[in-house]
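Peer 1:
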Amino acid sequence: RLCELLDNAGRGWRKLAELAGVEKRFRCSVEELEMCSLKVLEPRGSPTQCLLQLLAERDCTLRYLLGCLERMGHEQACRVLSSAVQDGIRITVQPESQVVAEGSQVSLTCCATGPPGLMYQWFCGRQEVPGATSPELVIDTAAPAGQWYICRVNCGATFTFSRWAHVQVEKSSSPNSASGYCPSMAGLQILRQPRPCRLAEGDTLALECRAIGNPPPQYQWFRNRRPVEGAQAPQLQVKLVTTAERGSYSCHVFNLFHEVWSQEVDVEIGEGPRQTSVTPHLLSWRAGVSHSVTTPSSPVLAATDKVALLIGNMHYLHHKQLQAPIVDVHALGALLCQLDFKVVSLLDLCKAEMQMAVDEFLLLLDKGVYAGLLYYAGHGYENFGNSFMVPIDAPSAYTSEHCLCVQRVLQEMQQRRTGLNIFLLDMCRKRNLNDDIIPQVGALEVTANIVFGYATCADAEAYELSQGELSNGIFVTFLKRWLLEDEKITVLLDKVAEDMGTLEITRGRQALELRSNLSERRALTDPIRPPGQDESSARNLQWAKAHVLPESRHLCFDCGVTVQLGFAAEFSNIMIIYTRVVAAPKDITKCEARLTDIPEELDVDLKCTNKESPEELGSPLAPVWSLGCPSCCLYSRICGLQKLRQELAFTVCLQYRYQGMDDFVEERQRVNVGRPLIAKLNLQ
1 RLCELLDNAG
11 RGWRKLAELA
21 GVEKRFRCSV
31 EELEMCSLKV
41 LEPRGSPTQC
51 LLQLLAERDC
61 TLRYLLGCLE
71 RMGHEQACRV
81 LSSAVQDGIR
91 ITVQPESQVV
101 AEGSQVSLTC
111 CATGPPGLMY
121 QWFCGRQEVP
131 GATSPELVID
141 TAAPAGQWYI
151 CRVNCGATFT
161 FSRWAHVQVE
171 KSSSPNSASG
181 YCPSMAGLQI
191 LRQPRPCRLA
201 EGDTLALECR
211 AIGNPPPQYQ
221 WFRNRRPVEG
231 AQAPQLQVKL
241 VTTAERGSYS
251 CHVFNLFHEV
261 WSQEVDVEIG
271 EGPRQTSVTP
281 HLLSWRAGVS
291 HSVTTPSSPV
301 LAATDKVALL
311 IGNMHYLHHK
321 QLQAPIVDVH
331 ALGALLCQLD
341 FKVVSLLDLC
351 KAEMQMAVDE
361 FLLLLDKGVY
371 AGLLYYAGHG
381 YENFGNSFMV
391 PIDAPSAYTS
401 EHCLCVQRVL
411 QEMQQRRTGL
421 NIFLLDMCRK
431 RNLNDDIIPQ
441 VGALEVTANI
451 VFGYATCADA
461 EAYELSQGEL
471 SNGIFVTFLK
481 RWLLEDEKIT
491 VLLDKVAEDM
501 GTLEITRGRQ
511 ALELRSNLSE
521 RRALTDPIRP
531 PGQDESSARN
541 LQWAKAHVLP
551 ESRHLCFDCG
561 VTVQLGFAAE
571 FSNIMIIYTR
581 VVAAPKDITK
591 CEARLTDIPE
601 ELDVDLKCTN
611 KESPEELGSP
621 LAPVWSLGCP
631 SCCLYSRICG
641 LQKLRQELAF
651 TVCLQYRYQG
661 MDDFVEERQR
671 VNVGRPLIAK
681 LNLQ
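Have a look at this one:
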């Protein structure tokens, strides 16, 4: 209805964009406004809908939007929106899961706003709690048993449900309890203390602190007496740790009236081997993690930020399939994260997607930023001194028109005044006989900050090295031995070249070639010193958008079965979804939850969905990301998230059988998880 009212040139969507942009975070760029206006050329396109989507992604509220429409003086649009703002039932206080001592009382609270006459009804599982018709539910915990509670809020036929809350009852003498309570803090007691641990790099760190209290306790974890960002749950879990996570951990537990600290425990993390083994890594970016860097006697060089784009193309439509890019991109991403690079790694991109990924990469670059690394693994060629990266949709007789020119990317990077431009090209450099066009790239600036590391020499091929079920490119096999060294980048690549020369099977066929005009001692280990909070925060936010996984959630079905839906990232455009039955009535003997109705535009192999073990998905990296997943799950691998044109929605199909029956019963729930990972950047 709003689109019908605002898709015009008068008091329409452009005026709304102008007024909404008064607040900086809702301001749309010229390119975004142009994208909205072009929607009129589509059969069912709407500039207003496009604008509303942009505002929604910036967390614009309905009330702010209503205020903008009121300032526009658009009474009809105000009436349409005000009904949605004022008449909807909105839960303002959700019931919280709690751990309580046996025999004590616990209260759950659910508060809502909406039209007059709101009514409440609490449920324990599927059963109504008799007389529980107020916002607060008081429960007697006479015996140690866990129950799930939920509250329904309604006004006439309109209703909504709160979140589920789990009440876990523990005996105070439980062997898992803390060694001692804190009697001085009556009303807030720690039941379970975190424990010290020793881990190897790549392991999962899991610490737990459980407390009881009324009001319910809140948590904040600390490392080395500094708060851990986002760690506000009883459990602290860090997947695939590095030495950066070692230190002393403690948990601050508090509520409205009391506070208490857990004991401080040491987490020791040893360094793993740096040979050809792949460092485990789940895609994530970390800003602000400090590493010790050896400082030379000369002035210390620093970067305002360090960002990297890693692209690996494997599954070509018209050319030979490759094996190594998935392992190579993953291994480099893990190492670069240890050097504080913001990393996005992508697999199997067509030309348009490669160009859009590069464009997003360029948005992150600024004066002093270490713009490299741009790493590419896949098919490629070199003509007339220019290197070309071949996308997976290139035709059999491709030319420069179908590919991305590396020198053009460099030219755009130079315009951003970057501090260091590194290209690592793990591809063949044979001449393309189908392409006799000399591209007019234009002259590059003399910036003395460019480094090219070619996996092979001009007019030569690059090879893969098979190691059991995994394949590494020759280049990365040796590069990852040296990448973490505190050396000038050109010295580091020289050492890689020397190592590659010792490999008998490629001697005389593949040798690293280094081209550089770097005049300063720039290294990948150089520290980060951001020039200003606003610049670095904006850059962090832009990069973080490509790394947001949906939150794990629980789906409750009418039959009483509860299914956990969880997510893991393999790359920025590949996500693992797993389903697990966590609760079922006693009269149900067998049940499982499967994913169906996955959007057709995504690269989903049905043979790689709903598998009982991660290894069945066919990914060589399954042993890495499955470390943080629970057991007894069904796994599905969702590829090509950059192709997503709208929010990711699918169906969870629950199939179950009652005791004494042969036939299965089926229930379905539609799930929308928004735009995960790289889909958030709208590369389409």
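Taking UniProt numbering, the leading residue of the sequence shown gets 1, the next gets one more, and so forth.
Glycine included, each C-beta is placed from N, C-alpha and C at the ideal position.
Let me know if E245 comes out buried or exposed under the rule of 16 or more other beta-carbons within 10 Å of its beta-carbon.
Peer 2: Sequence index remark: in the sequence shown, residue 245 carries index 245 (1-based). By the neighbour-count rule (16 or more Cβ atoms within 10 Å), E245 is buried.
Peer 1: Taking 6 Å as the limit between beta carbons, can you name the residues of its chain near R670, skipping five residues before and five after?
Peer 2: By 1-based counting over the sequence shown, the position of residue 670 is 670. Cβ within range, chain order: T651.
Peer 1: Pull up the CB-CB distance for K306 and L335, whole angstroms please, since I reckon it's below 8 Å.
Peer 2: Along the sequence shown, read from residue 1 onward, the residue named residue 306 stands at position 306. Along the sequence shown, read from residue 1 onward, the residue named residue 335 stands at position 335. Contact doesn't hold; Cβ gap of about 12 Å is too wide.
Peer 1: Based on DSSP bridge pairs, tell me the residues matched to F388.
Peer 2: The residue you call residue 388 lines up with position 388 of the sequence shown. Looking at the DSSP output, F388 shares a beta bridge with Y381, C405.
Peer 1: Under a Cβ-count criterion, where at least 16 other Cβ atoms within 10 Å of its own Cβ denotes burial, should T418 be classed as buried or exposed?
Peer 2: As a working mapping, residue 418 is identified with position 418 in the sequence shown. By the neighbour-count rule (16 or more Cβ atoms within 10 Å), T418 is buried.
Peer 1: Just the C-alpha distance for N210 and I190, rounded to the nearest angstrom, thanks.
Peer 2: By 1-based counting over the sequence shown, the position of residue 210 is 210. By 1-based counting over the sequence shown, the position of residue 190 is 190. The sequence shown places Arg at residue 210, not Asn. Distance between the alpha carbons of R210 and I190 is about 6 Å.
Peer 1: Taking DSSP's pairing of strands, which residues face T651 in a bridge?
Peer 2: The count along the sequence shown starts at 1 and reaches residue 651 at position 651. BP columns for T651 point to T596, R670.
Peer 1: Does the beta-carbon distance from V100 to T141 come in below 8 Å?
Peer 2: As a working note, residue 100 is residue 100 in the sequence shown. As a working note, residue 141 is residue 141 in the sequence shown. A contact, by the Cβ cut-off of 8 Å.
Peer 1: Could you name the residues of the same chain whose beta carbon sits closer than 6 Å to that of R90, not counting the 5 residues immediately before and after it, in chain order?
Peer 2: As a position in the sequence shown, residue 90 is number 90, starting the count at 1. Closer than 6 Å at Cβ, skipping near neighbours: T113.
Peer 1: For Q642, is the classification buried or exposed, using 16 other Cβ atoms within 10 angstroms of its Cβ as the cut-off for buried?
Peer 2: Residue 642 sits at position 642 when you count from the first residue of the sequence shown. Buried, by the Cβ-count rule.
Peer 1: Rounded to whole angstroms, what is the Cα-Cα separation between L301 and C428?
Peer 2: Taking the sequence shown and counting its residues from 1, the one referred to as residue 301 is at position 301. Taking the sequence shown and counting its residues from 1, the one referred to as residue 428 is at position 428. Going by the C-alpha atoms only, they are around 34 Å apart.
Peer 1: With three or more beta-carbon pairs closer than 8 Å as the criterion, would you say the region 377-396 touches the region 307-322?
Peer 2: yes
Peer 1: Between the region 374-392 and the region 419-438, do at least 3 Cβ pairs fall closer than 8 Å?
Peer 2: Judged by Cβ distances under 8 Å, the region 374-392 makes contact with the region 419-438, as three or more pairs qualify.
Peer 1: Drop a sphere of 10 angstroms on the beta-carbon of M354, count the other beta-carbons inside from all chains shown, and report buried for 16 or more, exposed for fewer.
Peer 2: Mapped onto the sequence shown, residue 354 falls at position 354. By the neighbour-count rule (16 or more Cβ atoms within 10 Å), M354 is buried.
Peer 1: Given that a residue counts as buried once 16 or more other Cβ atoms are within 10 Å of its Cβ, and exposed if not, what is Y64?
Peer 2: For the purposes of this step, residue 64 is identified with residue 64 of the sequence shown, where counting begins at 1. By the neighbour-count rule (16 or more Cβ atoms within 10 Å), Y64 is not buried but exposed.
Peer 1: Taking Cβ positions, are A357 and L349 nearer each other than 8 Å?
Peer 2: Here residue 357 refers to the residue found at position 357 of the sequence shown. Here residue 349 refers to the residue found at position 349 of the sequence shown. Against a cut-off of 8 Å, the Cβ pair of L349 and A357 comes out as a contact.
Peer 1: Contact defined as beta carbons within less than 8 Å: I believe L137 pairs with S107. What is the distance between those atoms, to the nearest angstrom?
Peer 2: As a working mapping, residue 137 is identified with position 137 in the sequence shown. As a working mapping, residue 107 is identified with position 107 in the sequence shown. Indeed, because the Cβ distance is near 7 Å, the residues count as touching under 8 Å.
Peer 1: Based on the DSSP output, what are the partners of L465 in its beta bridges?
Peer 2: Numbered from its first residue, the sequence shown carries residue 465 at position 465. Paired residues: N472.
Peer 1: Below 8 Å, how does it come out for the region 504-515 and the region 398-412: are there three or more Cβ pairs, yes or no?
Peer 2: Contact between the region 504-515 and the region 398-412 is absent, because fewer than three Cβ pairs lie under 8 Å.
Peer 1: Can you tell me whether L38 is buried or exposed, with buried defined as 16 or more other CB within 10 angstroms of its CB?
Peer 2: Start at 1 with the first residue of the sequence shown, and residue 38 comes out as number 38. With fewer than 16 Cβ atoms within 10 Å of its Cβ, L38 is classed as exposed.
Peer 1: In terms of residue numbering, what span does the beta strand (DSSP E) encompassing M72 cover?
Peer 2: Your numbering for residue 72 matches position 72 in the sequence shown. For M72, no beta strand (DSSP E) run applies; the uninterrupted alpha helix (DSSP H) run containing it begins and ends at 62-72, by DSSP.
Peer 1: Go ahead and pull the three-state DSSP assignment for L479.
Peer 2: As a working mapping, residue 479 is identified with position 479 in the sequence shown. Helix at L479.
Peer 1: Looking at the strands, I want to know which residues DSSP matches up with Y658.
Peer 2: Numbered from its first residue, the sequence shown carries residue 658 at position 658. Partner(s): I588.
Peer 1: Using the three-state DSSP reduction, which class does F257 fall into: helix, strand or coil?
Peer 2: Position 257 of the sequence shown, counted from the first residue, corresponds to residue 257. The answer is coil: DSSP assigns F257 none of H, G, I, E or B.
Peer 1: Which residues bound the beta strand (DSSP E) around D266?
Peer 2: By 1-based counting over the sequence shown, the position of residue 266 is 266. D266 -> beta strand (DSSP E) spans 265-270.
Peer 1: Work out the CA separation of I392 and residue 701 for me, nearest whole Å.
Peer 2: Residue 701 lies beyond the stretch modelled for the chain, which goes from 1 to 684, so this question has no answer here.
Peer 1: Provide the residue span of the beta strand (DSSP E) that contains A206, from first to last.
Peer 2: Within the sequence shown, numbered from 1, the residue matching residue 206 stands at position 206. 205-208 is the span of the beta strand (DSSP E), which, as asked, contains A206.
Peer 1: Mind checking whether A324 and S471 have CB atoms under 8 Å apart?
Peer 2: Stepping through the sequence shown from its first residue, residue 324 is reached at position 324. Stepping through the sequence shown from its first residue, residue 471 is reached at position 471. Between A324 and S471, the CB-CB gap stays under 8 Å.
Peer 1: Could you tell me how far apart the beta carbons of R522 and T304 are, in whole angstroms, since I believe they sit closer than 8 Å?
Peer 2: For the purposes of this step, residue 522 is identified with residue 522 of the sequence shown, where counting begins at 1. For the purposes of this step, residue 304 is identified with residue 304 of the sequence shown, where counting begins at 1. Wrong, their Cβ atoms sit about 13 Å apart, outside the cutoff.
Peer 1: What residues in its chain sit with their C-beta under 7 Å from that of G180, if we drop five residues either side in the sequence?
Peer 2: Position 180 of the sequence shown, counted from the first residue, corresponds to residue 180. Caution applies to G180, whose pLDDT of 37 falls short of 50 and renders its modelled position unreliable; the value that the coordinates give is listed next. Nothing meets the Cβ criterion.
Peer 1: With a threshold of 8 Å between beta carbons, is S400 in contact with chain D?
Peer 2: Protein chains in the displayed structure number just one, and chain D is not present.
Peer 1: Where Y635 and Q147 are concerned, what is the direct C-alpha to C-alpha distance, given to the nearest angstrom?
Peer 2: In the sequence shown, residue 635 corresponds to position 635, counting from 1. In the sequence shown, residue 147 corresponds to position 147, counting from 1. Using only the alpha carbons, I get a separation of about 27 Å.
Peer 1: Just grab the DSSP bridge partners of Q415 for me.
Peer 2: Mapped onto the sequence shown, residue 415 falls at position 415. The partner list for Q415 (beta bridge, DSSP) is empty, contrary to what the question assumes.
Peer 1: Going by DSSP in three states, P47 sits in which element: helix, strand or coil?
Peer 2: Your numbering for residue 47 matches position 47 in the sequence shown. Reduced to three states, the DSSP call for P47 is helix.
Peer 1: Buried or exposed, going by whether 16 or more other CB atoms sit within 10 Å of the CB of C632?
Peer 2: Reading the sequence shown from its first residue, position 632 is the one you call residue 632. When all chains shown are included, C632 counts as exposed.
Peer 1: Excluding the 5 residues preceding and the 5 following L81 in the sequence, name in chain order all residues of the same chain whose CB lies nearer than 8 Å to its CB.
Peer 2: Numbered from 1 along the sequence shown, position 81 holds the residue referred to as residue 81. For L81, where only same-chain residues beyond five positions count, the Cβ hits under 8 Å are L2, L62, L65, L66, L69.
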